[in-house]
């Protein structure tokens, strides 16, 4: 429990997995308790709470967007129970940095925007996990007789969902280390990252130019880390 009685307006953001919530120390009740323990009395107001339910698929983070919007509207501070796993989620980090919203992490209250930017580099370690999933996807596709590696988009679409997904994951694995380097250099907005990728002569999976949405999609795909 925090020894300081906090004041002001706060918006809480939780992230849970419906399948693992009961077994996880990061379940909803545990996160709610961590937030209340941190606030520890004082003249504070928890104006809204938002819970992101991890579906096991690509996360759109609609609740995070809503929480950040609520913070901007009311001048509140975003409060999260635990930073370490969220800091590995690049989508969360980029959205938070772009928003300009003040935030507090109950388990690391001294953290600031510079801290979380550095911690985002930890996400690079997730490349190993992505690689494992990619190899498994490629092996499964090959076992079904799917021919991989065709650069022609029309033919790729005919190969079916498995090959398309494998190609997308492979591309994300290849591009995420570059995005991590760009973020470590202080460029954290989707638009800024897109411009940096263009400057390096890199293309999207379909051979096109980079824009904010393409960067967001790549980061969201890499963020499917069960955190």
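Numbering (the numbering used here), first residue to last: 905 to 1131. Here a beta-carbon is modelled for each residue, glycine too, at the ideal position from N, C-alpha and C.
{"Check": "Express the C-alpha separation of residue 1072 and residue 1038 in angstroms, rounding to a whole number.", "Outcome": "9 Å"}
{"Check": "Going by beta-carbon coordinates alone, are residue 951 and residue 978 separated by less than 8 Å?", "Outcome": "yes"}
{"Check": "If you follow the beta strand (DSSP E) that residue 912 is in, where does it begin and where does it stop?", "Outcome": "912-921"}
{"Check": "Tell me, which residues are paired with residue 939 by DSSP?", "Outcome": "Partner(s): none; residue 939 has no beta bridge."}
{"Check": "Taking residue 918 as the reference, give the member of 966, 1079, 1044, 949 with the closest Cα.", "Outcome": "966"}
{"Check": "Sort out for me which residues DSSP pairs residue 949 with in a bridge.", "Outcome": "913"}
{"Check": "May I have the straight-line CA-CA distance separating residue 968 from residue 1111, to the nearest angstrom?", "Outcome": "31 Å"}
{"Check": "Is it buried or exposed, residue 956, if we count other Cβ atoms within 10 angstroms and call 16 or more buried?", "Outcome": "buried"}
{"Check": "If you reduce the DSSP assignment to three classes, tell me which class residue 1009 lands in.", "Outcome": "strand"}
{"Check": "Is it the case that the Cβ atoms of residue 911 and residue 947 are separated by a distance below 8 Å?", "Outcome": "yes"}
{"Check": "Go ahead and label residue 1076 buried or exposed: buried means 16 or more other beta carbons lie within 10 angstroms of its beta carbon, across all protein chains shown.", "Outcome": "buried"}
{"Check": "Would DSSP call residue 1019 helix, strand or coil?", "Outcome": "helix"}
{"Check": "Would you mind giving the Cβ-Cβ distance between residue 1080 and residue 1126, rounded to the nearest angstrom? I have them listed as a contact below 8 Å.", "Outcome": "5 Å"}
{"Check": "Excluding the 5 residues flanking residue 953 on each side, which residues of the same chain have their C-beta closer than 6 Å to its C-beta?", "Outcome": "916"}
{"Check": "Mind checking residue 1018: buried by the 16 CB within 10 Å criterion, or exposed?", "Outcome": "exposed"}
{"Check": "Look at the Cβ atom of residue 998, then the Cβ atom of residue 1094, and state whether they are nearer than 8 Å.", "Outcome": "yes"}
{"Check": "How far does the beta strand (DSSP E) with residue 982 in it extend, from its first residue to its last?", "Outcome": "981-984"}
{"Check": "To the nearest angstrom, how far is it from the Cα of residue 1089 to the Cα of residue 1096?", "Outcome": "11 Å"}
{"Check": "How long is the line joining the alpha carbons of residue 1004 and residue 1040, rounded to whole angstroms?", "Outcome": "39 Å"}
{"Check": "What is the C-beta distance between residue 1122 and residue 1083, in whole angstroms, given that I count them as a contact (C-beta under 8 Å)?", "Outcome": "7 Å"}
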